[in-house]
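Engineer: Take any residue in the sequence shown, note its place counting from 1, add 1, and you have its number in my numbering. Built from N, CA and C at the ideal position, the CB exists for glycine as well. Since we're looking at a predicted model, the values are computed, not measured. Pasting a structure below so you can have a look.
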Amino acid sequence: MIESPASADLEKECMAWAEQQEFIYSAHWEVTYRCNELCVHCYNPGAAHAPDEIPQRQTNELSTAEASDMLHQLVQLGVFRLTLSGGEATLRKDFLELLQQARSLGFQVVIYTNGLKLDKEYLQRIAACYPWSASTAQPRLSTTQ
Numbered sequence: 002m003i004e005s006p007a008s009a010d011l012e013k014e015c016m017a018w019a020e021q022q023e024f025i026y027s028a029h030w031e032v033t034y035r036c037n038e039l040c041v042h043c044y045n046p047g048a049a050h051a052p053d054e055i056p057q058r059q060t061n062e063l064s065t066a067e068a069s070d071m072l073h074q075l076v077q078l079g080v081f082r083l084t085l086s087g088g089e090a091t092l093r094k095d096f097l098e099l100l101q102q103a104r105s106l107g108f109q110v111v112i113y114t115n116g117l118k119l120d121k122e123y124l125q126r127i128a129a130c131y132p133w134s135a136s137t138a139q140p141r142l143s144t145t146q
């Protein structure tokens, strides 16, 4: 997505409106700490940074029902834009279900992913949910596990 001055101005107006209404414009949700990479720059607690390290990540995450409840709570708080991230968000078995639910609840969804799980079929399923954007970090400075 290329941001134009007009779209940046529109976003600023939306942010100002949300603030005036006492809404939260944007929330960033790390839906899992699990990841399929060994990035040397990883901030994730317990991450392994080299092939000989054993990850000590906390892998307990919300159940699908708890995550669904979280989405409803975010709606009640007035969140407009929801960023789904991780770890690697697409490693959740219910990621597409959460994405579909987030869109059905009216969130503008942004996805942060390393892209390793994104084959053509998975991309089509994501695209069918019409996320605002899906981004990968560039350049990749990591070693795949």
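Can you name, in chain order, every residue of its own chain whose Cβ lies under 8 angstroms from the Cβ of residue 10, other than the five neighbours on each side?
Structural biologist: none
Engineer: To the nearest angstrom, report how far apart residue 18 and residue 53 are at their CA atoms.
Structural biologist: 50 angstroms
Engineer: For residue 11, which three-state DSSP category applies?
Structural biologist: helix
Engineer: Under 8 angstroms between the Cβ atoms of residue 55 and residue 90?
Structural biologist: Contact: no.
Engineer: If you run the structure through DSSP and keep just helix, strand and coil, what is residue 123?
Structural biologist: helix
Engineer: DSSP state of residue 69, grouped into three classes?
Structural biologist: helix
Engineer: I'd like the span of the alpha helix (DSSP H) that includes residue 104, first residue to last.
Structural biologist: 96-105
Engineer: Just how far apart, CA to CA, sit residue 110 and residue 92?
Structural biologist: So the two alpha carbons sit approximately 17 angstroms from each other.
Engineer: So, under 8 angstroms CB-CB, residue 65 and residue 98 are touching, yes? Tell me the CB distance rounded to an integer number of Å.
Structural biologist: 7 angstroms
Engineer: Starting from residue 111, trace the beta strand (DSSP E) both ways and give me its first and last residue.
Structural biologist: 109-113
Engineer: In the DSSP assignment, what residue or residues form a beta bridge with residue 82?
Structural biologist: 27, 109
Engineer: From residue 135 to residue 128, what distance separates their C-alpha atoms?
Structural biologist: 9 angstroms
Engineer: Rounded to the nearest angstrom, what separates residue 50 and residue 36 at their Cα positions?
Structural biologist: 12 angstroms
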